[in-house]
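Protein chains in written order, with the working numbering: chain F, 1 to 109; chain B, 110 to 244.
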């Protein structure tokens with residue numbers, strides 16, 4: 001899994017690439033701890049480069065979202081496609097979270 | 110097709126993936142189905158390793174076969190009886206702060222395939238999941 005982060009319009013944009021599975025998801029956990037430590041309030045996870053996600057990945061996302069919300073922040077998503085989008089739909093994450101089609105939509109939202 | 114026998118643990122996931130995805134490719138399954146097979150394998154293997162065998166290791170057999178117009182995979186373990194098809198769907202009406210962390214894997218694994226069946230045969234749990242070979 002690879003991450004690239006940029007700051008845009010006061011939001012932290014985190015582009016996640018590769019696979020988010022039971023083996024690699026600890027990397028996401030470490031990444032999300034840095035947002036919390038830095039006091040980020042709006043984090044946009046751009047998943048357009050994410051090829052695969054399992055329940056282990058969803059668990060990490062939920063844990064990060066809870067922590068962020070607990071400190072007055074929000075985690076939103078954009079760029080879902082393919083099996084990642086299907087997993088978000090089937091798991092109910094699509095209904096639980098704010099999901100934008102594109103990064104521009106997420107920045108405007 | 111031969112049966113693959115491994116010890117159920119996260120460490121054996123790459124071997125199971127390679128075996129089943131290789132068979133799926135030879136069966137002409139579309140690429141989109143491969144990632145779903147990948148998901149089912151991960152979720153079931155993690156569940157068998159952590160729950161059926163309580164992280165102490167135990168045997169898992171993997172068998173692939175073609176049935177009618179489908180590619181099927183059978184996963185067999187010798188843990189306590191467990192029917193994954195009875196996994197509850199997520200309660201999406203809750204606020205994220207009230208959502209339990211975890212418990213989604215089995216539901217995802219049994220929802221993604223085109224067909225899923227469970228049988229308790231003797232001391233074994235047998236989960237068969239199938240994907241149709243449509244383009």
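All C-beta atoms in this analysis are idealised placements derived from N, C-alpha and C, irrespective of residue type, glycine included.
Fill in: Contact list for the stretch 166–190 of chain B against chain F, Cβ threshold 7 Å
none
Worksheet item: Among residues of its own chain, excluding the 5 on either side of residue 185 of chain B, which ones have a beta-carbon nearer than 6 Å to its beta-carbon?
Response: 170, 233 and 235
Item to complete: State the Cα-Cα distance for the pair residue 68 of chain F and residue 228 of chain B, rounded to the nearest angstrom.
Response: 42 Å
Discussion item. For residue 211 of chain B and residue 55 of chain F, what's the separation of their Cα atoms in angstroms?
Written reply: 7 Å
Practice prompt. Classify residue 20 of chain F as helix, strand or coil using the three-state DSSP reduction.
Written response: strand
Worksheet entry | Proximal residues, the stretch 131–164 of chain B versus chain F, C-beta separation under 8 Å | 141, 144, 145, 147, 148, 151, 152 and 155
Item to complete: Taking only the alpha-carbon atoms, compute the straight-line gap between residue 136 of chain B and residue 225 of chain B and give it to the nearest angstrom.
Response: 18 Å
Item to complete: Mind reading off the beta-carbon distance from residue 96 of chain F to residue 205 of chain B? Whole number of angstroms is fine, and I expect it under 8 Å.
Response: 5 Å
Worksheet entry | CA nearest to the CA of residue 193 of chain B, picked from B:238, B:119 and B:231 | B:238
Discussion item. With a threshold of 9 Å between beta-carbons, can residue 217 of chain B be considered close to chain F, or not?
Written reply: yes
Worksheet item: Is there a Cβ from chain F that is less than 9 Å from the Cβ of residue 193 of chain B?
Response: no
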